[in-house]
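Chains L and U are the protein sequences, given in the same order. Under the working numbering, the first residue of the first sequence carries the number 1186, and numbering increases by one thereafter. Under the working numbering, the first residue of the second sequence carries the number 1186, and numbering increases by one thereafter. First comes the structure, then the notes that go with it.
Number of protein chains: 2
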Amino acid sequence: MGNEEKEITIYDLARELDISAATVSRGLQGHPTVSKKTRKRINDLALSKGYRSNHFARNLRRQHTHTIGVIVPRLNSYFMSAVISGMENVATKAGFNLIISQSLENVTKEKANAATMFNNRVDGLLVSLAYDADESRHFDIFLQKKIPVIFFDRVPDSEHFTKILIDNRKSAKEATRHLLEQGCKRIAHITAISKRNVYADRMQGYKDALNDAGITFNKDLIVYNNLSYDAGYEAADLIRKLNPMPDGVFVANDNCAVSCMMGLKEAGIRIPQDIAFAGFNNDPVSKVIEPNLTTINYPGYEIGELAMRNLISYLNSDSTTTVTNTITMRSELIIRASSLRKS
Amino acid sequence: MGNEEKEITIYDLARELDISAATVSRGLQGHPTVSKKTRKRINDLALSKGYRSNHFARNLRRQHTHTIGVIVPRLNSYFMSAVISGMENVATKAGFNLIISQSLENVTKEKANAATMFNNRVDGLLVSLAYDADESRHFDIFLQKKIPVIFFDRVPDSEHFTKILIDNRKSAKEATRHLLEQGCKRIAHITAISKRNVYADRMQGYKDALNDAGITFNKDLIVYNNLSYDAGYEAADLIRKLNPMPDGVFVANDNCAVSCMMGLKEAGIRIPQDIAFAGFNNDPVSKVIEPNLTTINYPGYEIGELAMRNLISYLNSDSTTTVTNTITMRSELIIRASSLRKS
DNA sequence: TTGTATGCGTTATCAG
DNA sequence: CTGATAACGCATACAA
């Protein structure tokens, strides 16, 4: 009681225990060169006086912050929430703090965010790029200072960074092949216009599957939009007006797939009989839409955990060389009613 | 080029400009007592040398961090993502950093998180409480140190804190009354067992509406669960077996409402003809479920913005007295097909 | 096992 | 308008 006045420091403890501040500092850190006895005295007093170490002083001294920066395009998607949730979990356990910011799909803001993170002296950075980010040079400053940067989901082409992702191409191929196996002959693909790996790769997988089935790619069957809920409705119109109408649609994300399905259903088109659907992400809505949406499971929580675990283990292993590598996570096709045309 | 070696400090700038470090410091801060000319020289050199101020040294000196802590039950719900998104937006603009942690609905973890935030010397704290938090004494240390704490959504009873919420009671009453107006006579209520304001208040609103309609409260019509997606399915079973079956259900959250509707539909029960539904939150799934779910709009993004704006303006207005107040946001009933029985 | 001395980079106070 | 100097609280190299 009564100790809420002034912040207490190691000097206060030292004075009271009649030892040096250096010893207190060491004792608090559990340094083995401090006798067990004094160590206990120090800890006891610290506790009773409500001592808390001053992170600034410590960081100023040690030149690192125990803080990890995270930059994502948007916070408010189920996938991203799950990612952040996973990251937070392992970071907290390891005693690291997270500072999070969103680029809102805007490179300019992404650059500003990166600069802020840099000035805040984050120990490491976890990034998923904005839609329109066509370069990643604003992360080079981190490399120069040997601050590790790991990209996930939306990653740059550059070889200089570590990346965590799923095999988008393979998964997309799998989804498309599944539609083909269900008898679809004319499959549309809804995706985002973007240089980002994820969408380009999914498109490639779509093409691969067509190719394997001996079907020639038809660019008229590709719908580009921003994959939002609203965009899905509009896409439904486009698809309905294609002549002949496609008998299957592979959408690069569940959100958009779902609203597109709703638009089609309102127009009296039956799913999967008239058009079969497959999405991407395994967002919770995929289990609410009727019929339930066939999709690719994209394990956000696990990706978050993995990315953070990697970063931290790198940070702890005082290795000075930056090993860059690419980690590919498993992601499987989840078949649901929206694509089942054969019994 | 070539300046990626050692971090450059105000001393380096001072030496090069042949002035004192103190002047450099002042110049960098735009202090008016520095001549315009030297100010320009300082800033130019700082820029060209890639100088960045050391936050630790500055914070150590100034005794505050420009960091705001956020503690929430879970990150991965649409509502919470929206809240965080709003907070991040205004914090970044105001030059504050966010550190975020989740209690996972567990008071013990919540306490640990609070302690971490405290030790990290956050300038302020934004909190939404865990389910089972029956006390908020672990936030008293912040009060003692005059660190402002603002609660949102899940708030404590204590009068000592500022709170931001919607009028849960009124909204719940409105939703229930709407069901009554649609001809429902026997309305079930699905909610969480919790001392938390939100659920208690919604229950109260439910009772209010019944009361106004001259219907006596029947505790057999109350289903307690954790409001998860899975719990909704189970609730569907319970509701179906009530005898006579309810003709309306008011659920304390959309997620659970949606899965409950799905369970009922699978059992051949028609919505809204046999049972009308109303949820709470205006989660995106409410627009995907068929029929679309009537719900209460809970503006997460705006709540996040408001909470952060309040905190920051308090921080900036060097007022030492903690003014505690309660801010109630508007939240309206959104009527959709799940409850429309009259044409 | 412990103590002394010093520096980490800023900012604030006080003189000039 | 500018400079010298003293903190801020901690961790470590070096001595003892």
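Each residue gets a CB set at the ideal place from its N, CA and C atoms; glycine is no exception. Only a predicted model underlies this, so the values are computations on that prediction, with no experimental measurement involved.
Any beta carbon from chain U within less than 9 Å of residue i's own beta carbon?
i	result
residue 1177/L	The question about residue 1177/L has no answer here: the residues shown for chain L are numbered 1186 through 1528.
residue 1324/L	no
residue 1458/L	no
residue 1260/L	yes
residue 1470/L	yes
residue 1480/L	no
residue 1158/L	The structure shown does not extend to residue 1158/L, since chain L is modelled only from 1186 to 1528, so the question has no answer here.
residue 1244/L	yes
residue 1189/L	Because residue 1189/L carries a pLDDT of 40, less than 50, the predicted location of this residue cannot be relied on, and the following value inherits that uncertainty. Residue 1189/L counts as touching chain U.
residue 1475/L	yes
residue 1345/L	no
residue 1241/L	yes
residue 1534/L	Any question about residue 1534/L goes unanswered here, given that chain L covers just 1186 to 1528.
residue 1444/L	yes
In the DSSP output, which residue or residues are listed as bridge partners for residue i?
i	result
residue 1409/L	1376/L
residue 1310/U	1254/U and 1334/U
residue 1436/L	1375/L
residue 1480/L	1519/L
residue 1195/L	Residue 1195/L pairs with nothing; no bridge assigned.
residue 1287/U	1257/U
Step through the CB atoms of chain L and report whether any lies within less than 9 Å of the CB of residue i.
i	result
residue 1414/U	yes
residue 1306/U	yes
residue 1265/U	yes
residue 1447/U	yes
residue 1310/U	no
residue 1252/U	yes
residue 1303/U	yes
residue 1455/U	no
residue 1284/U	yes
residue 1487/U	no
residue 1214/U	no
residue 1270/U	yes
residue 1238/U	yes
State the Cα-Cα distance for the pair residue i and residue j, rounded to the nearest angstrom.
i	j	result
residue 1266/U	residue 1266/L	6 Å
residue 1224/L	residue 1233/L	14 Å
residue 1439/L	residue 1527/U	34 Å
residue 1323/L	residue 1339/L	15 Å
residue 1206/L	residue 1495/U	40 Å
residue 1245/L	residue 1478/L	52 Å
residue 1565/L	residue 1308/L	This structure gives no information on residue 1565/L, because the portion of chain L shown stretches from 1186 to 1528.
residue 1298/U	residue 1280/L	11 Å
residue 1302/U	residue 1349/U	20 Å
residue 1263/L	residue 1469/L	8 Å
residue 1384/L	residue 1371/L	20 Å
residue 1360/L	residue 1435/L	7 Å
residue 1231/U	residue 1490/U	34 Å
residue 1275/U	residue 1284/U	14 Å
residue 1260/U	residue 1228/L	35 Å
residue 1513/U	residue 1199/L	49 Å
residue 1357/L	residue 1442/U	32 Å
Please classify residue i: does DSSP put it in a helix, a strand, or coil?
i	result
residue 1462/L	strand
residue 1209/U	helix
residue 1350/U	strand
residue 1340/L	coil
residue 1514/L	strand
residue 1282/L	strand
residue 1298/L	helix
residue 1488/U	helix
residue 1320/U	coil
residue 1266/L	helix
residue 1363/U	helix
residue 1218/U	coil
residue 1475/U	coil
Do residue i and the ligand PLP come close, with the Cβ less than 8 Å from some heavy atom?
i	result
residue 1249/U	No copy of the ligand PLP occurs in the structure displayed, which carries no ligand at all.
Would the segment 1307–1319 of chain U and the segment 1277–1291 of chain U be scored as touching if the rule is three or more Cβ pairs under 8 Å? Short answer: they touch.
Is the segment 1426–1434 of chain L touching the segment 1390–1398 of chain L, taking contact as three or more C-beta pairs under 8 Å? Output reads no: the segment 1390–1398 of chain L does not touch the segment 1426–1434 of chain L.
Given 8 Å as the limit, is there contact between the segment 1368–1383 of chain U and the segment 1394–1413 of chain U, that is, 3 or more CB pairs closer than that? The segment 1368–1383 of chain U makes contact with the segment 1394–1413 of chain U, as at least three CB pairs between them are under 8 Å.
The segment 1234–1244 of chain U in contact with the segment 1454–1466 of chain U per 3-pair CB rule at 8 Å: Output reads no: the segment 1454–1466 of chain U does not touch the segment 1234–1244 of chain U.
Between the segment 1481–1496 of chain U and the segment 1475–1494 of chain L, do three or more beta carbon pairs fall short of 8 Å? Taking 8 Å as the limit for Cβ pairs, the verdict is that the segment 1475–1494 of chain L does not touch the segment 1481–1496 of chain U.
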